[in-house]
Amino acid sequence: MKPRLTSNSSQDAEAGVRSYSLSHALFFGLIAAVIYYIAYEITAPNTPLPRARYGSIGGPEYIAWLIALLFPVLIFYKGADYSKVKFSFSWSFLSIISYIYVPMILLLRIPGLPRAVAILLSSLLAASFLYSADEFWRNFKASRAVGIKTPFSKRVRTALFRLDALLIVFITLGTTILVVFLLVPVVLILLNAFTPPVGEPFYANFKRVFTARKYVSLFRFATEKPWTFVTSETGYKTLVITGVNHGILLNSLINSVIVTTVATLLGVLVAFVLARYRFPGKGVIRLLAVVPLFVTPFVNSYAVRLLFGAQGPISWVTERLFGFDVEIRALAGVTIAQIMAFYPIVYLNAYAGFLGVDPTLEEQAENLGAKGFRLFRTVTLPLALPGIAAGSIIVFIFSLEDLGAPIVFQEQRLMSYKIYQTFTTEIGTTLPEAAALAFVMLALAVVGFLAIKSYVGLRSYAMVAKGGRWKSRERKLGPVGLILVYFLLLPLIIWTMMPQLTVIMMALNMTPANAFKPSLEGATLKYFLSLFKNPDVFIYVKNTVTYALTAVVFAVVISIMVAYSVSRGRIRVLSQTLDALGTIPLAIPGLVVALGYFYFFHRLFTGTALDPLSGPTTFQAWVVLITAYTIRKMPFVLRSVYAGLQQVHENLEEAAMNLGATRRRTVFGIVLPLIITYLVSGAVVGFIYVSTEVSTSITIGGLRPDQAPMTFYMMDVFQGGHLEGIQIAAAMGLLLILIQLAAILLIVVGLKQSYAFIGA
Amino acid sequence: MTRIRLENVTKVFGPVVAVDHVSLDIESGEFFTIIGPSGCGKSTTLRVIAGFEVPEEGHVYFDDVDVTFKKPYERNTAMVFQNYALWPHMTVFENVAYGLRLRKFSEDEIRRRVKEVLEMVGLEGLENRYPLQLSGGQQQRVALARALVVEPQVLLLDEPLSNLDAKMRVEMREELKNLQRRLNITTVYVTHDQIEALSLSDRIAVMNKGKILQVGKPDELYFRPATLFVADFLGRSNILDGEVIEVLEPHKVLVRVPDLGADIVASTYNMIRGRVKIVVRPEGIQTAGFDVIENVFDAEVENVMFLGDKLEVRLRVGGASMIAYMPNTMRLAKGDKVKIHIPPDRIVALQV
Ligand SMILES: Nc1ncnc2c1ncn2[C@@H]1O[C@H](COP(=O)(O)OP(=O)(O)OP(=O)(O)O)[C@@H](O)[C@H]1O
Ligand SMILES: [Mg+2]
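Taken in sequence, the protein lines are chains S and C. Using numbering that gives the first Met the number 0, you'd call the opening residue of the first sequence number 0 and step up by one each time. Using numbering that gives the first Met the number 0, you'd call the opening residue of the second sequence number 0 and step up by one each time.
Next up, the structure:
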């Protein structure tokens, strides 16, 4: 039987070819891994083995490796459909991960479960490798089959003709800026990550991150329970939910996976109901559902802590029903706070996805007899999936890099918190362990991002986020559905917007700073006005606004250069590189940026005022902050500029050049005026993202507090623990909410553009 | 007044050879049309002339000046795009004035010239409208005015009429022709509409799969197609298999056509022998008078369609089924027997 490699798997499957699916390969890989793991545990119970044993050839380990590697090959030749590796999101995610993970485990000679997992993943690695090799081979043959062969020199000549002075400036300047301010910092992190403590091998930091009990611990200590009942002296019983602890690395993964999964399910559910059903009050619910998107760093998580605290509404209910309070702490708190804050990102993307599904496609399927859940599963969902997947991966990255919830819940056993902590406590050293951790975090985020890009990019659905071009199909909701909507969905949505409401109430002193007790008695604008009246506080507001304005101007300029070169440059390699460079900051966790910039300015500007270690009175933090903001938030501006350029047909530019306009005149006289609304909305979105930025603000800003932005102050309140500041922090949160509200109104009402701008 | 010469031009997009070793000579002042099916490389050829694409091979000359590597804005061509490419944020006046502004004319001069050209295309009084407030035909005229106002050396038109409705298309066709005659400007016109091509052009090039198959005057192409593709593409044709059995005169051959069960006399313009195809235009089939003996066949009417100005009749002639146009006054019905005659000069034999 010949290998089957076409992408059209379903058709081929029906053609009678026996298809071993990828899950077979995984299943056998899993069995191999389990056998290996049991054998390993029996022979060497939990003690590090002498190195000699790993160096020698032979032994059960190598046999297990061999089996795991041979399985995919075997099944490949029996006709397995490896194209799935390339065409399904989760598979490509796993296989990209395995590209990094497997060699790393192998290289670092890490024993135990990590190694067993590596064996499991290796079958996937082999699968995707075989697939790529085959793809490459076929492309190679196809390209040889084409009749005409143009000499390379002529191809270069033709390519160069496409360039003119302006494009050359755009491309070189854009690339240089992105390489210098994006790649160099990341490379510096890598260099530091591979700087081991004296006398240890070069990978020592990574080995520690992957093996030390602090980072990876598979077994729970008996004292660490996910929840406990605590009884106070006064006899109050409280159920304290803390969540699990499996070490920093695994905690982060567990948290992000749970947050992403729950947020995706929730977001898709809400989106589906709102996109496909009609019921009274739908408009209001749609508006309420996006409230959690208003970003108010720290205070938001603090509000969640209160809501789920011993004096929150939940406890009020449980106390009356069961006689005890409920309190959520640590990892459990982080998870819940993140779910509540991030699920609307999936909701918005999924909503656009559902609206983007051409109703005639569904009608066609119904015509052929598909109904209900089957219709949803086989037609609607696959068509909306790219949008949903894009939303999910953003949630994954946001959750991984989030610092607000961990700081507020004092959960120090997370990657983000650990990096931050090392940064603040060990400042002055080169922080190699933080660098290694940051690099792992970066790898996870980038892998997820690349997976989604290859997945969404490969599908030619191209309907992502273009919702509302046709009248979507809405059905009336039956009585059961109505009950579910009003008694389940509505309370859920109201509950998820509670944090924002609480922040506003705290800012106006309508609830005390340490409990959730709404009352109108103490209502005052005092705290909000102090943002502008109190010079000690106003400085933060002023810093935020000036930095954000400046960064946004830079971001718009760079975005124009990048977007224009990518969409009009027409030299494939250059455009693709630039495109990747321009979008990848989306996938770079904020702390990685912060750490990268720390190294960047510390190493390249040693001894000058730009060196972060030059002291809290000389260090010019604003330069570093604005640079970091510009690069980090540029993708959001870039996205808008891309969208604008897509609206400008290339003929419009050609017509101008045809009449004698140079490229410069065409760009400035025709293109930019045509996309001005997109530039403005890009700038506005950029402004929001910059003004709510946390990671760089609190790390780099923390080195020069008087040049720090608002988010630094908000963090300081919770780190320092002074109660007075909470209301002011909440007032800052309110100010940020107002800014975001104004921005959205400007974009939606003023510029008449879609507000679904959060997401890929 | 510019001559355009393409020499061996080849343009490749990845695996697609969009233009394949095309050589063309376009006389100055000529109305030259490139026609061919969708995707055959017409637009690409035009874009090579305008300078939007640079060919992998070959050269482009304007009056013996090699412009192959000149940027679009360094060639004095003016193009009318299929989608008109009017700038939506500028008024009609601003659109038309753009090229003049680039050429640094004084404001007065610009106003005068724009007014003149708008009058020429019949758009007086619409100066302050925006393109989206105009009808398709009006937009098309603005695009034309914008191209003409700069007095280009070469006018390039890429299917300018394809977005208009049928009636509008006929009107604009005539206007375009008159305008071009009056200005006497070298014009390259791209279309896939044969009526447009035949009625407008001084000469036509038929293109397929990136290659030029035949260049000639409209009637030449119609009556004396050089390849089967040209015969099939321009006008309708009945095509039958045959075999040359005798060369009668330099341009006359005797062809045995098994489907007709007879030998017929056909015209040819190349050296042909062996297996051939014969091409008969529907209007070349006549009802036979009594004075001819050559190429006369018995036919049976299979179907009659009334087209208004003529009848389209499907005839069974021996083993072949052929389409013929008959005068609309004829009374024919299915099953009628007729005698038909095909004059030898209306039958073209082509080497397969
Ligand atoms: N920028 C491009 N990149 C890749 N392929 C292209 C490009 N432009 C044209 N082609 C390909 O070159 C071939 C010729 O295209 P061209 O636009 O010249 O055809 P055309 O004759 O104008 O067709 P139509 O009548 O549909 O406009 C087509 O196969 C097309 O897909
Ligand atoms: Mg075309």
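Beta carbons: idealized from backbone N, C-alpha and C, even for Gly. As the structure is a computational prediction, the values presented were derived from the model and not from experiment.
- With a threshold of 7 Å between beta carbons, G209(C) makes no contact with chain S.
- Put simply, the residues with a CB less than 7 Å from any heavy atom of ligand 2 are K41(C), S42(C), Q81(C), D157(C), E158(C) and V189(C), in chain order.
- Beta-bridge partners of S320(C) (DSSP): R315(C).
- Residues of the segment 633–655 of chain S whose Cβ lies closer than 8 Å to any Cβ of chain C, in chain order: H648, N650, L651, E653, A654 and A655.
- Contact between the segment 710–718 of chain S and the segment 281–294 of chain S is absent: fewer than 3 CB-CB pairs across the two stretches fall below 8 Å.
- Against R2(C), chain S offers no close residue; the least beta-carbon distance is about 20 Å (beta-carbon pairs closer than 7 Å).
- I346(C) has V279(C) as its beta-bridge partners, per DSSP.
- Within the segment 665–699 of chain S, the residues whose Cβ lies closer than 7 Å to any Cβ of chain C are, in chain order, I669, P672 and L673.
- The DSSP-derived three-state label of N513(S) is coil.
- Non-local C-beta neighbours of Q726(S) in its own chain, meaning closer than 8 Å and more than five positions away in sequence, comprise M505, A506, N508, A512 and Y526, ordered along the chain.
- D308(C) and L156(C) have their alpha carbons spaced roughly 31 Å apart.
- The alpha carbon of P36(C) has as its nearest neighbour, out of V316(C), L212(C), L239(C) and R145(C), the alpha carbon of L212(C).
- Nearest CB-CB separation between A158(S) and chain C: not below the 7 Å threshold.
- In the DSSP annotation of this structure, the continuous segment of the beta strand (DSSP E) that includes N7(C) starts and ends at I3 to F12.
- Within the segment 162–182 of chain S, those residues whose Cβ lies closer than 7 Å to any Cβ of chain C are, in chain order, D163.
- At least 7 Å separates the CB of T259(S) from every CB of chain C.
- Put simply, the CB of L101(C) is near chain S, with a gap under 7 Å to one of its CB atoms.
- A298(C) has V337(C) as its beta-bridge partners, per DSSP.
- Neighbours of K70(C) across chain S, judged by C-beta separation under 7 Å: D163.
- Residue state for L23(C) is assigned as strand, using DSSP reduced to three classes.
- Contact check for V243(C) against R272(C) passes: the beta carbons are separated by less than 7 Å.
- If you keep only unbroken alpha helix (DSSP H) runs of at least 4 residues inside the segment 183–254 of chain C, you get 193–199, 217–222 and 227–232.
- Residue burial is scored here from C-beta neighbours: A550(S) has at least 16 other C-beta atoms within 10 angstroms and is therefore classed as buried.
- In this structure the segment 615–625 of chain S does not lie against the segment 654–671 of chain S, because fewer than three pairs of beta carbons, one per stretch, are closer than 8 Å.
- Interface flag for T661(S) against chain C is set, since a Cβ pair is found closer than 7 Å.
- Taking the Cα of D240(C) as reference, the smallest distance to any Cα among Q132(C), A261(C) and R202(C) is reached at A261(C).
- By the beta-carbon neighbour count (other beta carbons within 10 angstroms, threshold 16), H245(S) is buried.
- Annotation for L154(C): the continuous beta strand (DSSP E) segment containing it runs V153 to D157.
- Contiguous alpha helix (DSSP H) elements confined to the segment 377–434 of chain S occur at 380–400, 403–407 and 414–424, taking only those with 4 or more residues.
- Counting along the chain, T576(S) sits inside the alpha helix (DSSP H) bounded by residues R571 to T582.
- Taking each of T76(C), H20(C) and G334(C) in turn and checking the Cα distance to K210(C), the smallest one comes out for H20(C).
- Counting C-beta pairs with one atom in each stretch, the segment 737–746 of chain S and the segment 565–575 of chain S have fewer than three that are closer than 8 Å, which means they do not touch.
- Chain order gives the chain S residues near G98(C) as L658 and G659, where near means a beta carbon separation below 8 Å.
- In the structure shown, the three-state DSSP call for Q285(C) is strand.
- Distance from the Cα of L612(S) is smallest, within the candidate group F553(S), F180(S) and L702(S), for L702(S).
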